[in-house]
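**Q** These protein sequence lines map, in sequence, to chains H and D.
Numbering-wise (our numbering), the first sequence opens with residue 1 and increments by one.
Numbering-wise (our numbering), the second sequence opens with residue 1001 and increments by one.
Don't be surprised by glycine CBs; every beta carbon is placed ideally from N, CA and C.
In this text the structure is predicted, and so the values were computed from the model without any measurement.
There are 2 protein chains.
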Amino acid sequence: MPSNMREQVERLSGPGASLPSATVRGIHSQIRHDIVTLRLKPGARLSENELALRFGTSRAPVREALIRLVEEGLIDVQPQRGSFVSRISLAAMQRARFVRESLEVAIARRATERGLSQEAQDRIAAALEEQERVQTDPELFTAADDAFHRALADDIGIAQIWAVLEREKSQFDRVRFLSLPVITPVSALITQHRNILTAVLERDPAAAEAAIRVHLSEVLKSAEALAAEYPDLILDDA
Amino acid sequence: MPSNMREQVERLSGPGASLPSATVRGIHSQIRHDIVTLRLKPGARLSENELALRFGTSRAPVREALIRLVEEGLIDVQPQRGSFVSRISLAAMQRARFVRESLEVAIARRATERGLSQEAQDRIAAALEEQERVQTDPELFTAADDAFHRALADDIGIAQIWAVLEREKSQFDRVRFLSLPVITPVSALITQHRNILTAVLERDPAAAEAAIRVHLSEVLKSAEALAAEYPDLILDDA
DNA sequence: TCTTGTCGACTAGTCGACAAGTAGCACAAC
DNA sequence: GTTGTGCTACTTGTCGACTAGTCGACAAGA
């Protein structure tokens, strides 16, 4: 263990933050959160020993959390060398976009056929209000953005369909955090959300599909510009 | 450890099958194969100790393999109680079908726009021949079936898109193994494959989409009948 | 100056042992 | 006969130690 490891640990978790009884689930979600919010940057080293120290456990629970993160494509493990936060891959972005677009178009289409429950309409309205309120905070806006899409997905009668999207979405999220404060005008995203909702409520499948495609193309549009700006964070393997 | 554990171990792996140097990847794929081919039935108990004995390792690599299987929804772990092969869930089946249909329709649509490379046409032709040849063997036919769908997915220029499908497909596979010898006439499946290929080659997106939907509805059609027949294997949570 | 060997510090991978929780059975008390 | 109660044997969860492999610093030698 390097002599300055404890120092690094305190820098990440804050001095005196002992984090008692951190279980595998907690370790996983904490690291995941740090990665998608870019607090842990692509390429950063993640030592199992260091993390075990930080969370006050042995390496075993840390390893199990890391395995889950490898499974999600957020971490690359190089045997006997180290674990690293995976670089944002343009190819993975394109895949994530293809999956999201295919699934969310199908979800919106189904929603136009079945109509929205009152509960879904309430959740969507709340999400839209929240988006207006927290426009300037990338983390809160992202959460409200997710809430909108999730409310739609949860209402079409396919259990756990959101979980499938969430898996792919983590690839998106990092780019979103990179681009939100800079490029895309947040108000445009909110308008797109309203367009989607309107098309679904009016039971217009073609309009709903078009609105979803416009909305999801937004993120990838900025991705290529960002790849040139942050070549150390984004891997241009498209 | 129960006194008859070694006996069970030998029954699963065969006497004298020592399986040296089985790594995490090997353990995972072996167990996964046993589950999707129904050699390990839904509800069956999977003891970490037993598996460690079977593969000649300690529990650590076994645990890591199990975590991956939990992530795929093939295993449920009940803390301090045991690990069990998950029951086939009708809700999970519907989700898997929704995901497959949405994605494969989008893939076929893209293929009609871009056309098929010569390599893809060769792979698809080989897969169709193979399907004719191994009609009576469920395991081999399933492999050739996958090869068909995979050749299509690999050719549309979205890296790793097949990996997304494969994740969901494992839910399908178990039902497929249950139903293939009994219900669906295999020749009908091959005809459906040919219809998909024809539509793609003729660059007819609507026909390709329709052919895919017909094909994927086949499996779920038999699922509900099977749920009544095998209530101990299939969980009717739809 | 450049190569080569060695050493120390670090890594993930694996291991056996123990901790903590659960289920079932034998057996005593009523 | 019924009920409670502990014992036992099992489970997964966690732990610290050890292995093999990688990397970089640094010194010896050509």
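1) Return the CA-CA distance between A1111/D and R1150/D, expressed in angstroms with no decimal places.
2) Under 7 Å, CB to CB, which of the residues in the stretch 92 to 107 of chain H have a partner in chain D?
3) Output the distance between the C-alpha atoms of A1188/D and V1214/D, rounded to the nearest integer angstrom.
4) What three-state label does DSSP hand D1237/D in the structure shown?
5) Would you tell me roughly how many angstroms separate the C-alpha atoms of A1065/D and A1147/D, rounded to the nearest one?
6) When DSSP labels each residue in this structure, what does I156/H get in the three-state scheme?
7) Rounded to the nearest angstrom, what separates T1198/D and R1114/D at their Cα positions?
8) Could you work out which residues of chain D lie near I212/H, taking near to mean beta carbons separated by less than 8 Å?
9) For the stretch 1116 to 1136 of chain D, which residues have a CB atom closer than 9 Å to at least one CB atom of chain H, in sequence order?
10) Note down the Cα distance separating I234/H from R1087/D, rounded to an integer number of angstroms.
11) With DSSP run on the structure shown, which of helix, strand or coil describes R63/H?
12) At a Cβ threshold of 8 Å, is R114/H touching chain D?
13) Output the boundary residues of the alpha helix (DSSP H) element that contains G296/H.
14) Is there a Cβ from chain D that is less than 8 Å from the Cβ of Q160/H?
15) Beta strand (DSSP E) containing D76/H: first to last residue?
16) With 16 as the cutoff for other CB atoms within 10 Å, does A1225/D come out buried or exposed?
17) With 16 other CB atoms within 10 Å as the buried threshold, where does S217/H fall?
18) Start and end of the beta strand (DSSP E) containing V85/H?
19) In terms of alpha-carbon separation, which member of L38/H, A210/H, V200/H lies closest to Y230/H?
20) Where does S1187/D sit, in a helix, a strand or coil, going by DSSP?
21) Take A22/H and list the residues in its own chain whose beta-carbon comes closer than 6 Å to its own, dropping the five residues that flank it on each side.
22) Quick check on DSSP: helix, strand or coil for L46/H?
23) Does the CB of R68/H have a neighbour CB from chain D at under 8 Å?
24) Would you say V1200/D faces chain H, with C-beta separation under 8 Å as the test?
25) So which residues of chain D does E64/H contact, with C-beta pairs closer than 9 Å?
**A** A quick look at the data gives this:
1) Going by the C-alpha atoms only, they are around 13 Å apart.
2) Taking 7 Å as the Cβ-Cβ cut-off against chain D, the residues of the stretch 92 to 107 of chain H that qualify are Q94, R95, F98, V99, S102, L103, A106.
3) Spanning the two alpha carbons is a distance of roughly 11 Å.
4) Three-state result, D1237/D: coil.
5) Rounded to the nearest whole angstrom, the CA to CA distance from A1065/D to A1147/D is 25 Å.
6) Secondary structure at I156/H: coil, using DSSP grouped into helix, strand and coil.
7) Computed Cα separation, rounded: 15 Å.
8) In chain order: nothing, as chain D lies at least about 12 Å away.
9) Taking 9 Å as the Cβ-Cβ cut-off against chain H, none of the residues of the stretch 1116 to 1136 of chain D qualify.
10) Across the structure, I234/H and R1087/D are spaced so that their CA atoms are roughly 41 Å apart.
11) Note: R63/H maps to helix in three-state DSSP.
12) Not a single C-beta of chain D is nearer than 8 Å to the C-beta of R114/H.
13) No information on residue 296/H is available, as it lies outside the stretch 1 to 238 that chain H covers here.
14) For Q160/H, the answer is yes, since a Cβ of chain D falls inside 8 Å of its Cβ.
15) The continuous beta strand (DSSP E) containing D76/H extends over residues 75 to 78.
16) Classification of A1225/D: exposed, given that the 10 Å Cβ count is below 16.
17) Looking at its Cβ environment, which holds fewer than 16 other Cβ atoms inside 10 Å, S217/H is exposed.
18) Per DSSP, V85/H belongs to the beta strand (DSSP E) from 82 to 85.
19) Nearest of L38/H, A210/H, V200/H to Y230/H, Cα basis: L38/H.
20) The DSSP-derived three-state label of S1187/D is helix.
21) Legend: pLDDT at A22/H = 46, less than 50; position of this residue unreliable, no value from coordinates given.
22) Residue state, collapsed to three classes: strand.
23) Chain D, which has a Cβ nearer than 8 Å to the Cβ of R68/H, makes this yes.
24) Taking Cβ atoms only, chain H never reaches closer than 8 Å to V1200/D, which makes this a no.
25) Against chain D, a Cβ distance below 9 Å from E64/H picks out R1063, E1064, I1067.
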